[in-house]
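Numbering (the working numbering), first residue to last: 8 to 238.
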């Protein structure tokens, strides 16, 4: 099958933490596909530059590069049609496209100020310096200043998940009775936070917490077995 996946790690190569790489990890597991994982760090851009990307995930299929988690999901569904579908048809693919944008904005964007100052603790010295320099330039303030109000920020983040709670009143997953790529999009953000930060995002009686638990246990506990904090 010859699949290889470049994924973001820090000092621990067995602790992948990119939300986008976790979308791809879950997608591969859903399709029943295995890939050789290639650990990649922020300052190792030369390793993936020949494949036309500056960021991960990058999937190689017989050395053909597929770049970007959304593109990879579509590629997997189109090129392995005999495996379980990530979308359940074109309608599901179209809906997942919207969830992909919402996941970027509301989930990854909402989580970032809650955990961002914890990320350098997971990186080597060179990568930590790069991460701090690039993100502080983006935010216009120190990582600690970005994260300073997270105790109140998490309240707003939890409120933003009400659309999920309403959905879970009638079905256990965003994808319906079983998880699909829509679930993996959102879960990728939560797994990212779990890997890099001990900060508690959800109350244990939250339906979103119960949903996250189910996905941590999916595929023989693949995500739960990956090193992370008990959040």
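Using N, Cα and C, we set each Cβ at its ideal position, and we do this for glycine too.
Treat the numbers as computed from the prediction; the structure is a model and nothing was measured.
Here's a check: name, in chain order, each residue in its chain whose Cβ is nearer than 7 Å to the Cβ of residue i, leaving out the five neighbours to either side.
i: residue 84; result: 92, 93 and 94
i: residue 235; result: 201 and 202
i: residue 184; result: 178
i: residue 189; result: 102, 103, 106, 181 and 182
i: residue 175; result: 214 and 218
Starting from the C-beta of residue i, find all residues in its chain whose C-beta is less than 8 Å away, skip the five residues before and the five after it, and write them out in chain order.
i: residue 160; result: 120 and 121
So what does DSSP say about residue i, is it helix, strand or coil?
i: residue 69; result: coil
i: residue 61; result: coil
i: residue 110; result: helix
i: residue 39; result: coil
i: residue 99; result: helix
i: residue 183; result: strand
Considering only their Cβ atoms, is the gap separating residue j from residue i smaller than 8 Å?
i: residue 49; j: residue 125; result: no
i: residue 42; j: residue 12; result: yes
i: residue 123; j: residue 193; result: no
i: residue 296; j: residue 39; result: Nothing about residue 296 can be reported from this structure: the residues present for the chain run from 8 to 238 only.
i: residue 31; j: residue 79; result: yes
i: residue 229; j: residue 54; result: no
Does the distance between the C-beta of residue i and the nearest non-hydrogen atom of the ligand ADP fall short of 7 Å?
i: residue 161; result: By its list of ligands, the structure shown contains no ligand whatsoever, and the ligand ADP lies outside what it can speak to.
First and last residue of the alpha helix (DSSP H) that includes residue i?
i: residue 232; result: 214-232
i: residue 205; result: First-last for residue 205: undefined, no H or E at that position.
i: residue 163; result: 157-166
i: residue 133; result: 132-146
i: residue 76; result: 76-86
i: residue 54; result: 52-55
Which stretch, first to last residue, makes up the beta strand (DSSP E) that contains residue i?
i: residue 11; result: 10-15
i: residue 45; result: 43-47
Near residue i, what residues of its chain come up, given a Cβ to Cβ distance below 6 Å and the 5 sequence neighbours on each side ignored?
i: residue 131; result: 18
i: residue 33; result: 191
Contact between the stretch 220-227 and the stretch 70-83: three or more CB pairs below 8 Å? no
Looking at C-beta atoms only, is the number of pairs between the stretch 22-33 and the stretch 46-64 that lie closer than 8 Å three or more? yes
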